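Chains as they are written, first to last, in my numbering: chain A, 1 to 366; chain B, 367 to 732.
Read the structure below first, then the notes.
Protein chains: 2
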Amino acid sequence: MNDFSHVTTPAFLVDRTIVEQNCARMRAKALASGVAFRPHVKTHKTIEIARMQHGGAIGPITVSTMAEAEFFAEGGFRDITYAVPVAPEKLPRAAALASRIERLNILIDSDAALRAVEEFHAANGVVFDVFLKVDCGYHRAGVDPNDPDSVRLAMAMSQSPAVHFQGLLTHAGHSYNASGVEEIRRIAAEEIESLSRFRALTGIDELTRSIGSTPTTAIADSFADTDEVRPGNYVFFDAFQSTLGTCTRDEVAVSVLATVIGSYPERNQAVIDAGGLALSKDVSPEHLDPNFGYGLVCDLDLRPLPARLIALSQEHGKLATDVPLSVGTRLRIIPNHSCLTAAMYERYHVIDGGEIVDEWRPVRGW
Amino acid sequence: MNDFSHVTTPAFLVDRTIVEQNCARMRAKALASGVAFRPHVKTHKTIEIARMQHGGAIGPITVSTMAEAEFFAEGGFRDITYAVPVAPEKLPRAAALASRIERLNILIDSDAALRAVEEFHAANGVVFDVFLKVDCGYHRAGVDPNDPDSVRLAMAMSQSPAVHFQGLLTHAGHSYNASGVEEIRRIAAEEIESLSRFRALTGIDELTRSIGSTPTTAIADSFADTDEVRPGNYVFFDAFQSTLGTCTRDEVAVSVLATVIGSYPERNQAVIDAGGLALSKDVSPEHLDPNFGYGLVCDLDLRPLPARLIALSQEHGKLATDVPLSVGTRLRIIPNHSCLTAAMYERYHVIDGGEIVDEWRPVRGW
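Encoded structure:
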């Protein structure tokens, strides 16, 4: 039985063996498929896991903030895609970083952003490596691949002296709203096809087609008709992914260690010392299980308990429980969304075989 | 017009003058009422604002984590209440801190916790200053003031050689679910009465009665029949409090500066570079305004815009907007819940008269 009694709670536990297995599986699939592998590091934000994603080596990565880009560059990573549409104000910082590493790809999805890049080029002479963000159905960011204006923007990028037009990038975030694996397969097919279709419309065959979401890449047997994959959450997975069916529960590598600080058997409730700051307030796939709660409540050996996390305040987590949970009892909560939960911690407790073996520190901020 | 063009986004802006006014108003009310003032510091987690809460001086404070307790002790604060039921595992750390400052009050609400304190006393000789947490209707933590077992626990605490029984503490967190100010007044009355009633049942007249939630203390004209008040959120307030009617919008001291990074007029949407990590995913009072969204969208001068934050992912905030918002436009988002949002930042940008005048760093972690 696992102990962890010397760890103060709340604490974020990362099972190193499971992370290594998750990393190896996705990397092997990408390599076997012959596509470039540029995993996202925003889920874990640590040098240690970024290296695991590349089998222990340095390799291309994807980031979600300039702070991550700078942190990983400092950690030796030389080929980075900053995969959020760039704000014009961040161009000076991006240019400074690009000059220090081999490649910093930035992302745009509008004429306005292209103009900002061109104005920066005119003033500073910098030529950015740029991807065009394409909307494959998530409708968050990206150009509509069926809109002639999108083709015109691609043509303008290909002709602009301010940019090296590297490729097309999409993210099927709507796979998180799918009802199950079959629907995810349809979304995965569209994620891939949308880029090939759009690239054909542009006629620029050398554009890299970059795809990636953990649901769509986790359920794929291999990758075809694409050039690069960028999953991120798969290193940890979480309760959301296991409910969605994109991983098994055994493949979830993280949990929040918590202590019962209040026991109220008269109302079948208990309170733990992990609240909104320790777990994040992200919800589970409510379309699949509206009563899931704010994480999966387990014992120290990760056996699920008949208890639900029904409310979170800043430092309190409120449980409805069918078993009495006495003050001092240790629990492990599998978080709904590992990316947001991990970001709440200044250090991860790395475990292996039920022992704490290391401590990793993620970058934070912007 | 405010500028902030040199600040990289997302950034957490704190208006110093408004914080000072919020601090002064609550403190004056407590002093005029003749009650002890022990404000909570968990909303801001900074030495600077804790001093403002006491008119520029050191004074008694309330904290929500041991990390806060240690940070503020290091910053000169000598009288601290750790107002979350203590986990038995945290007693050694609490004892170590208690020995370095004048007073560390801890909180319990069960026989089991009292036993843990007594066992620690038996092993180490430490006598803790202890408050008994009472449930005034929130039903998160605390003993039922109408249950004879609660009186028995109070009597056991008063007779235990392991504790200095200091008082009764309650928190009317259910005031956040109120439909308006009139209901908050009823909850505030019950918050106060529950402790007086319970104290009478124990017959221990010298117990301090400590109350505090921002809604119940903000709407009070003065404090009577209580000994100590502990509000916290009032230093910043937020969109939740202004929707609830416990502050005006002009009294909200904080906003998140963000930049539009995507503009999609064809679907009346835009994307900003502030997502779940920059805003937190806390919701507004959905019982009052189910369509409020993840924060109040304003221009640089804090004039509300006809736009709603309808979805947050890690680093993207998705807006439905009735006005076109072009790439590069700066916005200010008034967060729904300032406590959780502030905790996402390693530094606050302090503003005064539209200028950045300082930078404050909150403590984080546990």
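Quick reminder that beta carbons are idealized off the backbone N, C-alpha and C, glycines included.
Quick caveat, the model's predicted, so the values are computed rather than measured.
Who does A:Trp360 pair with in a DSSP beta bridge?
Translated into the one-based positions of the first sequence, residue 360 of chain A becomes position 360. In the DSSP output, where bridge partners are listed per residue, A:Trp360 has A:Tyr348.
Contact criterion: CB-CB distance below 7 Å. Does B:Glu652 meet it with respect to chain A?
Start at 1 with the first residue of the second sequence, and residue 652 of chain B comes out as number 286. So, not an interface residue.
Output yes if chain B places a C-beta closer than 7 Å to the C-beta of A:Cys298; else output no.
Sequence index remark: in the first sequence, residue 298 of chain A carries index 298 (1-based). For A:Cys298, the answer is no, since every Cβ of chain B falls outside 7 Å of its Cβ.
Short of 6 Å in beta carbon distance, which residues of its chain neighbour B:Tyr448, apart from the five on each side in sequence? Order them along the chain.
Position 82 of the second sequence, counted from the start, is the residue given in the question as residue 448 of chain B. For B:Tyr448, where only same-chain residues beyond five positions count, the Cβ hits under 6 Å are Val429, Ala435 and Ile472.
Count the other C-beta atoms from every protein chain shown that fall within 10 angstroms of the C-beta of A:Asp273, then say buried if there are 16 or more, exposed otherwise.
For the purposes of this step, residue 273 of chain A is taken as residue 273 along the first sequence, with counting starting at 1. With 16 or more Cβ atoms within 10 Å of its Cβ, A:Asp273 is classed as buried.
According to DSSP, is A:Tyr138 part of a helix, a strand, or is it coil?
Here residue 138 of chain A corresponds to residue number 138 of the first sequence, with the count starting at 1. Coil, per DSSP.
With contact counted as at least three CB pairs below 8 Å, one residue from each stretch, are the stretch 706-720 of chain B and the stretch 376-389 of chain B in contact?
With the cut-off at 8 Å, the stretch 706-720 of chain B and the stretch 376-389 of chain B touch.
What are the start and end residues of each continuous alpha helix (DSSP H) run of 4 or more residues lying completely inside the stretch 260-331 of chain A, in chain order?
Here the runs fully enclosed are 276-279.
Could you check the C-alpha separation between A:His139 and A:Pro304 for me, to the nearest Å?
Position 139 of the first sequence, counted from the start, is the residue given in the question as residue 139 of chain A. Position 304 of the first sequence, counted from the start, is the residue given in the question as residue 304 of chain A. If you take the alpha carbons of A:His139 and A:Pro304, they lie about 36 Å apart.
List the residues of chain A whose Cβ lies closer than 8 Å to the Cβ of B:Ala522, in chain order.
Numbered from its first residue, the second sequence carries residue 522 of chain B at position 156. Residues of chain A passing the Cβ test: none, with the nearest at roughly 15 Å.
For B:Val407, which of helix, strand or coil comes out of DSSP?
Here residue 407 of chain B is taken as the residue at index 41 of the second sequence, counted from 1. Correct three-state label for B:Val407: coil.
Does the distance from the CB of A:Gly59 to the CB of A:Asp109 come in under 7 Å?
Mapped onto the first sequence, residue 59 of chain A falls at position 59. Mapped onto the first sequence, residue 109 of chain A falls at position 109. No, they are not a contact pair.
Which residues, taken in chain order from the stretch 74-92 of chain A, show a beta carbon closer than 8 Å to some beta carbon of chain B?
Within the stretch 74-92 of chain A, the qualifying residues are Val84, Pro85, Val86, Ala87, Pro88, Glu89 and Lys90.
List the endpoints of the continuous alpha helix (DSSP H) containing A:Ser150.
Walking along the first sequence from the start, residue 150 of chain A turns up at place 150. Here the alpha helix (DSSP H) through A:Ser150 covers Pro148 to Gln159.
Using the beta-carbon of each residue, which ones in chain A are nearer than 9 Å to B:Asp648?
The sequence position of residue 648 of chain B within the second sequence is 282, counting from 1. Those within 9 Å of B:Asp648 in chain A are Gly276 and Lys281.
For A:Val363, return the contacting residues in chain B, with the cut-off set at a CB-CB distance below 7 Å.
Taking the first sequence and counting its residues from 1, one reaches residue 363 of chain A at position 363. Correct list: empty, because the minimum Cβ distance to chain B is about 11 Å.
Report the residue from B:Asp369, B:Pro376, B:Asp477 and B:Glu594 whose alpha carbon sits nearest the alpha carbon of B:Leu643.
The residue labelled residue 643 of chain B in the question sits at position 277 within the second sequence. The option with the nearest alpha carbon to B:Leu643 is B:Pro376.
Got a sec? Which residues, its chain only, sit under 7 Å from A:Gly328 by beta carbon, not counting five neighbours each side?
Taking the first residue of the first sequence as position 1, residue 328 of chain A is located at position 328. Same-chain partners within the cutoff: Thr259 and Val260.
So is B:Asp593 buried or exposed if we call it buried at 16+ other beta carbons inside 10 Å?
Residue 593 of chain B sits at position 227 when you count from the first residue of the second sequence. Flag for B:Asp593 reads buried.
Checking contacts by CB at 7 Å: is A:Pro39 closer than that to chain B?
The residue given as residue 39 of chain A occupies position 39 in the first sequence. Output row for A:Pro39: interface = no.
Quick check on B:Lys354 - is its C-beta less than 7 Å from some C-beta in chain A?
Outside the shown range of chain B (367 to 732) lies residue 354 of chain B, about which nothing can therefore be said.
Output needed in chain order: residues of the stretch 605-625 of chain B with a Cβ under 8 Å from some Cβ in chain A.
Those would be Thr625, in chain order.
Starting from A:Arg267, find everything on chain E with Cβ-Cβ shorter than 8 Å and list it in chain order.
Here the protein chains are A and B, and chain E is not one of them.
Return no unless some Cβ of chain A is closer than 7 Å to the Cβ of B:Ala544.
The residue given as residue 544 of chain B occupies position 178 in the second sequence. False, the Cβ-Cβ gap to chain A never drops below 7 Å.
Strictly below 8 Å CB to CB, what residues from chain A border B:Ala337?
A query on residue 337 of chain B cannot be resolved here, the shown segment of chain B reaching from 367 to 732 and no further.
Quick one: does B:Leu697 have its CB under 7 Å from some CB of chain A?
Mapped onto the second sequence, residue 697 of chain B falls at position 331. No, B:Leu697 does not count as interfacial toward chain A.
Just to confirm, is the Cβ distance from A:Glu191 to A:Thr214 under 7 Å?
Position 191 of the first sequence holds residue 191 of chain A. Position 214 of the first sequence holds residue 214 of chain A. Not closer than 7 Å, so no.
Give, in chain order, every unbroken run of the alpha helix (DSSP H) that is at least 4 residues long and sits entirely within the stretch 519-600 of chain B.
You should have 547-568 and 580-584.
Please tell me whether B:Pro728 and B:Thr412 are closer than 7 Å, where the distance is taken between their beta carbons.
Here the question's residue 728 of chain B lines up with position 362 in the second sequence. Here the question's residue 412 of chain B lines up with position 46 in the second sequence. Against a cut-off of 7 Å, the Cβ pair of B:Thr412 and B:Pro728 comes out as a contact.
Name, please, each residue of chain B whose Cβ falls closer than 7 Å to the Cβ of A:Ala113.
Position 113 of the first sequence, counting from 1, holds the residue named residue 113 of chain A. Those are Val693, listed as they occur along chain B.
Excluding the five sequence neighbours on either side, which residues of its own chain have a C-beta within less than 7 Å of the C-beta of A:Gly180, listed in chain order?
For the purposes of this step, residue 180 of chain A is taken as the residue at position 180 of the first sequence. Answer for A:Gly180: Gly245, listed in chain order.
Going by other Cβ atoms of all chains shown within 10 Å of its Cβ, with 16 needed for buried, is A:Leu31 buried or exposed?
Here residue 31 of chain A refers to the residue found at position 31 of the first sequence. Exposed, by the Cβ-count rule.
Below 9 Å on C-beta distance, what does B:Glu712 contact in chain A?
Counted from its first residue, the second sequence places residue 712 of chain B at position 346. Near B:Glu712 (Cβ distances below 9 Å), the residues of chain A are Arg364 and Gly365.
Please compile the residues from chain A whose C-beta is within a distance smaller than 7 Å of the C-beta of B:Pro581.
Here residue 581 of chain B corresponds to residue number 215 of the second sequence, with the count starting at 1. Under the 7 Å cutoff, chain A gives no residues; its nearest Cβ is about 14 Å from B:Pro581.
Per the DSSP calculation, A:Ala36 is bridged to which residue(s)?
Translated into the one-based positions of the first sequence, residue 36 of chain A becomes position 36. Note: A:Ala36 sits in a beta bridge opposite A:Glu228.
Am I right that B:Leu697 and B:Val663 are in contact with their C-beta atoms under 8 Å? What's the rounded C-beta distance?
To locate residue 697 of chain B, count along the second sequence from 1; it is residue 331. To locate residue 663 of chain B, count along the second sequence from 1; it is residue 297. About 6 Å separates the two Cβ atoms, so the contact holds.
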